[in-house]
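Using this note's numbering, the first residue of the sequence shown is number 119, and each one after it goes up by one.
The block underneath contains the structure these notes are about, expressed in structure tokens.
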Amino acid sequence: MKVLSLGSNGLLSTALGRFCERNGFLLDVLGLDEPKGYKFEHFSVCDLTRHDFQKTDFSKYDLVVYAAGAGIQANLQEKQDLIYSLNLDTPIALMYYLKEVHFKGIFVTFGSYFEIGENERDHLWTEDEILHSSCKIRNAYCISKRLLSRFVECFNADFHYWHFILPTIYAEYENPLRLIPYTLNNIMQKKECSFTSGDQIRQYIYIEDVMNILFAACKKSLPAGIYNIPGAETLSVKELVKILFHFFGKQISADMFGQEERRDTQMRNLKLDGAKLYEHLEPVPMWTVEQIIPRYCAFLSHMNGDRLKE
């Protein structure tokens, strides 16, 4: 299989690169920065926002994955025009271009369950419910993802495509300011932690499981369309933090919570219904957060050691 990744060092593109390396798939990469942490056949510098992808011969590829994006991490303070360009304008332009050049492979984009918006319902949201949600959303990332999903629903593609709506994805090499590495790093370095109220309910899936599902879809010839990929676990933020602390034999305390404000605090309950996907695919075994903690600890220890050497 010949794979093309648009995006080089984000969480999804890195996971895709590692999966292809482990499984012997040929991988080319388009992006601004040379890929790190995985092997590839060929890398081309490409400003996706300028539609430089039009220089690429897409006929060579069986699978093209749009793994670029912006805005998921509020602390990065990315500009709104970049968020809308990478998350919405560029994939739309790319889909029209693939149609123009009569692309014959599979094209993959990703949505997010943050498209659901502000709600407190204890409910598994289907693809159709997400696509037609009228719940309020207040930031450019969520708006851009909602608009992309609705575009894909309406687009008349001449090629095979999948648009996967994801829950919260995680991996040991993710941004160190995200919840799991932030918490583990503070525990390991004996620093205090502070969190939101911790009441938000989320689904969590290890990034390797997303890749397993993606390539299982390739193997089983999943029909074109929009699919939820549900999380392996459903946890409140407080329950997740408790798992991380208990791994080290430590207890959480009430004063850790309610000290931070995040833009997603009004999205109290986000859960995906995976029934549509699993009508076509057998459920794959999935990792739990607790099982992945040792990988985080090893990675963070290595990174902290490198920083000390500097």
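Idealized CB from N, CA, C, for every residue including glycine.
Note that the coordinates shown come from a computational prediction; the quantities given were computed from them, not determined experimentally.
(message) Please report the straight-line C-alpha distance between Phe221 and Ser339, rounded to a whole angstrom.
(response) 17 Å
(request) Run the CB neighbour count on Leu297, radius 10 Å, all protein chains shown included, and call it buried at 16 or more, exposed below. (result) buried
(request) Kindly indicate the opening and closing residues of the alpha helix (DSSP H) around Gly135. (result) 129 to 141
(message) Quick check on the DSSP output: the alpha helix (DSSP H) that includes Lys356 runs from which residue to which?
(response) 355 to 365
(message) What does the alpha-carbon distance come out to for the pair Val328 and Phe273?
(response) 24 Å
(request) Could you please give me the residues that DSSP links to Asn346 through a beta bridge? (result) Ile283
(message) Taking 8 Å as the threshold (beta carbon to beta carbon), is Pro299 in contact with chain E?
(response) Among the chains of the structure shown, chain E does not appear; only one protein chain is present.
(message) Is the beta carbon of Gly235 closer than 8 Å to that of Glu255?
(response) It should be pointed out that residue 255 corresponds to Ile in this sequence rather than to Glu. The answer is yes: Cβ separation under 8 Å.
(request) State the Cα-Cα distance for the pair Val163 and Tyr184, rounded to the nearest angstrom. (result) 15 Å
(message) Going by DSSP in three states, Met213 sits in which element: helix, strand or coil?
(response) helix
(request) Take the Cβ of Gly392 as the centre, count every other Cβ of all protein chains shown within 10 Å, and call the residue buried at 16 or more, exposed below. (result) buried
(message) Please state the DSSP three-state secondary structure of Tyr156.
(response) coil
(request) State yes or no: is the C-beta of Cys415 nearer than 7 Å to some heavy atom of the ligand COA? (result) Here there are no bound small molecules, and the ligand COA is not part of this structure.
(request) Any chance you could list the beta strand (DSSP E) runs of at least 3 consecutive residues sitting entirely within the region 164 to 252, in chain order? (result) 181 to 184, 224 to 230
(request) Would you kindly report the start and end of the unbroken alpha helix (DSSP H) that includes Tyr322? (result) Taken as a continuous stretch (DSSP letters only), Tyr322 belongs to no alpha helix (DSSP H), being part of the beta strand (DSSP E) at 319 to 324.
(message) Let me confirm a value: His420 is counted as buried when at least 16 other C-beta atoms fall within 10 Å, else exposed. Which label applies?
(response) exposed
(message) Can you check which of these residues, Val226, Thr227, Ile261, is closest to Ala233 by C-alpha distance?
(response) Inspection of the sequence shows that residue 233 is occupied by Glu rather than by Ala. If we check each option's Cα against that of Glu233, Ile261 comes out closest.
(request) Look at the Cβ atom of Tyr390, then the Cβ atom of Asn346, and state whether they are nearer than 8 Å. (result) According to the sequence as given, residue 390 is Leu; it is not Tyr. Cβ distance < 8 Å, so Leu390 and Asn346 count as in contact.
(request) Note down the Cα distance separating Leu395 from Pro348, rounded to an integer number of angstroms. (result) 9 Å
(request) Could you tell me whether the region 304 to 316 touches the region 284 to 292, where touching means 3 or more Cβ pairs closer than 8 Å? (result) no
(message) Rounded to the nearest angstrom, what separates Ser252 and Asp276 at their Cα positions?
(response) 30 Å
(message) Pull the bridge partners of Gly149 from the DSSP assignment, please.
(response) Val163
(request) State yes or no: is the C-beta of Leu302 within less than 8 Å of the C-beta of Tyr414? (result) yes
(message) Is it buried or exposed, Asn205, if we count other Cβ atoms within 10 angstroms and call 16 or more buried?
(response) buried
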